[in-house]
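To start, the structure under review is shown below, and the notes come after it.
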Amino acid sequence: MHYLITTVPGLEDIAAEELAERLHARRAKAIYMTGRVAAEIDAPPAHLYKLKTAERFGILLGEGTAQTLQDVVALAATHLPKAERYLTRNTTAGIRCERVGQHPFTSRDVEREVGRWLKERGYVISLVDPDVEINVDVVHNYVTVWITVAKKSLKDRPWRAYEHYASLNPIIAHAMARLAKPAPGETICDLTCGGGTIAAEAAEYAPWARYICVDISLKHIKGAALNTARYPQVDLLWFDSTKLHRAVRPICDKYIFNPPYGFRIPGKIGRLYRLLGKAMRKLTRHCATYVTITPRHKTFTSQVGGEIIMRRVIYQGGLYSSIIVGRICPTSP
């Protein structure tokens with residue numbers, strides 16, 4: 002069966018990797034920064050609900066490229082007959098368009114024209130809670146036509162009991178854990194853990210490692226304790242992570258963390274990153290891999306230092322951020 006999986010733009014290859022790993026996808030087409038992965042999988046839709054890198058998914062009817070509204074409608078019309086197996090004269094259909102990029106038309110234009118095409122063929126169109134939701138997504142010039150299966154976002158995790166005001170998208174946290182590749186017996190440190198999203202996602206992905214979740218806020222540590230309650234591999238510390246090396250011996254083999262961005266305090270964020278880098282050098286037992294995310298990658302890399310292995314750009318919540326994979330080595334006491 003052909004599926005369309007949506008994910009965080011910039012993580013398409015990681016989503017394709019998970020599809021191959023979990024569901025043995027025979028084919029996965031991932032176009033960078035579209036947030037879309039087209040895949041051929043020999044599995045029923047129910048099996049896709051366990052994916053950690055997917056936000057929504059559905060039945061792929063077709064894909065292609067288009068420049069104008071007429072091109073989009075014509076491409077949709079080519080593939081919409083495949084939807085007739087899911088439609089009857091007694092069911093309602095809704096058209097939803099997610100559009101990314103600059104176009105001479107709006108999402109409403111696409112929804113109106115494709116809806117008109119269906120209506121002319123005798124199908125009932127509903128704007129509120131249709132029985133069948135048909136998506137015609139236009140990401141730059143890439144168009145996908147698909148039927149929604151997972152209407153509720155899969156990023157809403159069952160473990161989340163506490164909502165941090167700036168919590169990281171669990172899909173991104175899972176991707177960061179994959180990039181860190183926790184090995185058996187390693188201790189993975191999150192020095193700015195907030196509500197524990199990274200620790201929870203990493204512990205579920207790689208339960209064979211140990212995780213230490215550190216935050217300066219007691220409120221957030223209590224929340225993280227709720228969110229990681231089902232993961233005995235996670236230990237929590239209420240502490241200023243920039244001073245943690247004064248209280249504990251070197252314990253960290255790798256780091257995965259989401260530091261503050263500091264948009265409201267730009268003059269102080271450089272100092273915070275510099276102190277975090279110092280603490281990382283003091284807390285690591287040997288040269289350690291770190292995976293972090295920030296929209297201020299130049300400030301981070303200049304202040305933390307070390308070797309930059311990889312940087313990838315993602316788009317989330319109207320903001321371009323960088324996931325950085327680096328390597329940092331210890332300093333003498």
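Each residue of the sequence shown is one higher than the one before, counting from 2 in the numbering used here.
Where is the CB? At the ideal position from N, CA and C, for every residue including glycine.
- Task: Taking Gly65 and Met34 to be in contact with their CB atoms under 8 Å, please state how far apart those CB atoms are, rounded to whole angstroms.
- Result: Here residue 65 is taken as the residue at index 64 of the sequence shown, counted from 1. Here residue 34 is taken as the residue at index 33 of the sequence shown, counted from 1. Not quite, the Cβ-Cβ distance comes to about 18 Å (not below 8 Å), so this is no contact.
- Please name the residue in Gln103, Gly102 and Pro131 whose C-alpha comes closest to that of Gly116. Along the sequence shown, one-based indexing puts residue 116 at 115. The shortest C-alpha separation from Gly116 is found at Pro131.
- Task: Would you mind listing the alpha helix (DSSP H) stretches within the segment 153 to 239 that are 4+ residues and don't spill past its ends, in chain order?
- Result: List check, alpha helix (DSSP H) in window: 171 to 181, 198 to 206 and 219 to 228.
- Leu24 - DSSP class collapsed to helix/strand/coil: Against the sequence shown, residue 24 aligns to sequence position 23. Taken through DSSP and simplified to helix, strand or coil, Leu24 comes out as helix.
- Query: Cα separation between Asp236 and Lys152?
  - Reply: Taking the first residue of the sequence shown as position 1, residue 236 is located at position 235. Taking the first residue of the sequence shown as position 1, residue 152 is located at position 151. The straight-line gap from Cα to Cα measures roughly 35 Å.
- Message: Quick check on Ile252: does DSSP put it in helix, strand or coil?
- Response: Working through the sequence shown from its first residue, we reach residue 252 at position 251. In the three-state reduction of the DSSP assignment, Ile252 falls in the coil class.
- Item | Candidates Thr89, Pro105, Glu99 and Trp118, of which the one nearest Thr79 by Cα | Counting from one through the sequence shown, the residue named residue 79 turns up at place 78. Here the closest residue by C-alpha is Trp118.
- Alpha carbon to alpha carbon, what distance is there between Val9 and Arg161? Numbered from its first residue, the sequence shown carries residue 161 at position 160. Numbered from its first residue, the sequence shown carries residue 9 at position 8. About 19 Å.
- Query: Since His3 is in the beta strand (DSSP E), which residue starts that stretch and which ends it?
  - Reply: Counting from one through the sequence shown, the residue named residue 3 turns up at place 2. Counting along the chain, the beta strand (DSSP E) containing His3 begins and ends at His3 to Thr7.
- Same chain, Cβ closer than 8 Å to Lys156, five either side skipped, listed in chain order: Along the sequence shown, one-based indexing puts residue 156 at 155. Answer for Lys156: Glu56, Asn170, Pro171 and Ile172, listed in chain order.
- Query: Excluding sequence positions up to five away, which residues of its chain have a Cβ less than 8 Å from the Cβ of Gln68?
  - Reply: If you number the sequence shown from 1, residue 68 lands on position 67. Closer than 8 Å at Cβ, skipping near neighbours: Asn142.
- Task: Identify every residue that forms a DSSP beta bridge with Arg286.
- Result: Position 285 of the sequence shown holds residue 286. None; Arg286 has no bridge partner.
- Identify, in the order they occur along the chain, each residue of the same chain with its Cβ nearer than 6 Å to the Cβ of Arg145, setting aside the five sequence neighbours on each side. Along the sequence shown, one-based indexing puts residue 145 at 144. The sequence shown places Thr at residue 145, rather than the Arg named in the question. Counting only Cβ-Cβ distances below 6 Å, and skipping sequence neighbours, we find Leu5, Arg37, Glu64 and Asp138.
- Would you mind working out which of Arg97, Arg275, Thr229 and Leu284 sits nearest Tyr256, comparing C-alpha positions? What you label residue 256 is simply residue 255 of the sequence shown in a count that begins at 1. With distances taken between CA atoms, Tyr256 lies nearest to Leu284 out of Arg97, Arg275, Thr229 and Leu284.
- Coarse secondary structure for Ala293, derived from DSSP in three states: Position 292 of the sequence shown holds residue 293. It should be noted that the sequence gives Thr, not Ala, for residue 293. Shown here, Thr293 sits in a strand according to DSSP, grouped into three states.
- Contacts around Thr149, its chain only, beta-carbon distance under 7 Å, and the 5 residues preceding and following it disregarded: Stepping through the sequence shown from its first residue, residue 149 is reached at position 148. Exclusion of the five residues before and after Thr149 leaves Arg57, Gly59, Glu134 and Asn136 as the residues of its chain whose Cβ lies within less than 7 Å of its Cβ.
- Message: Run through the DSSP bridge pairs and tell me what Ala29 is partnered with.
- Response: For this step, residue 29 is matched to residue 28 along the sequence shown. In DSSP, Ala29 forms a bridge with Ala40.
- According to DSSP, what are the bridge partners of Asn259? Stepping through the sequence shown from its first residue, residue 259 is reached at position 258. Answer is none; Asn259 lacks a bridge partner.
- What's the C-alpha gap between Arg109 and Trp239? Here residue 109 corresponds to residue number 108 of the sequence shown, with the count starting at 1. Here residue 239 corresponds to residue number 238 of the sequence shown, with the count starting at 1. Spanning the two alpha carbons is a distance of roughly 49 Å.
- Query: Helix or strand or just coil, what does DSSP make of Asp138?
  - Reply: Within the sequence shown, residue 138 is the residue found at index 137, counting from 1. Of the three classes helix, strand and coil, the one that applies to Asp138 here is strand, per DSSP.
- Tyr300: first and last residue of the uninterrupted alpha helix (DSSP H) it sits in: Counting from 1 along the sequence shown, the entry for residue 300 is found at position 299. In the sequence on display, residue 300 carries Thr and not Tyr. Per DSSP, the unbroken alpha helix (DSSP H) holding Thr300 starts and ends at His298 to Val305.
- Query: In terms of residue numbering, what span does the beta strand (DSSP E) encompassing Arg97 cover?
  - Reply: Here residue 97 refers to the residue found at position 96 of the sequence shown. Unbroken beta strand (DSSP E) run through Arg97: Thr93 to Arg97.
- Message: Determine whether the beta carbon atoms of Asn351 and Tyr166 lie at a separation below 8 Å.
- Response: A question about residue 351 goes unanswered here, because the residues of the chain that appear run from 2 up to 334.
- Message: Considering only their Cβ atoms, is the gap separating Pro260 from Thr193 smaller than 8 Å?
- Response: In the sequence shown, residue 193 corresponds to position 192, counting from 1. In the sequence shown, residue 260 corresponds to position 259, counting from 1. For Thr193 and Pro260, yes; Cβs fall inside 8 Å.
- Ser322 (DSSP reduced to helix, strand or coil): Taking the first residue of the sequence shown as 1, we reach residue 322 at position 321. Collapsing the DSSP output to three states places Ser322 in a strand.
- Message: If you measure between the beta carbons of Ala181 and Thr107, is that distance less than 8 Å?
- Response: Position 180 of the sequence shown, counted from the start, is the residue given in the question as residue 181. Position 106 of the sequence shown, counted from the start, is the residue given in the question as residue 107. Not a contact, by the Cβ cut-off of 8 Å.
- Who pairs with Phe58 in a beta bridge, going by DSSP? By one-based count along the sequence shown, residue 58 stands at place 57. According to the DSSP secondary-structure assignment, Phe58 is paired through a beta bridge with Ile6.
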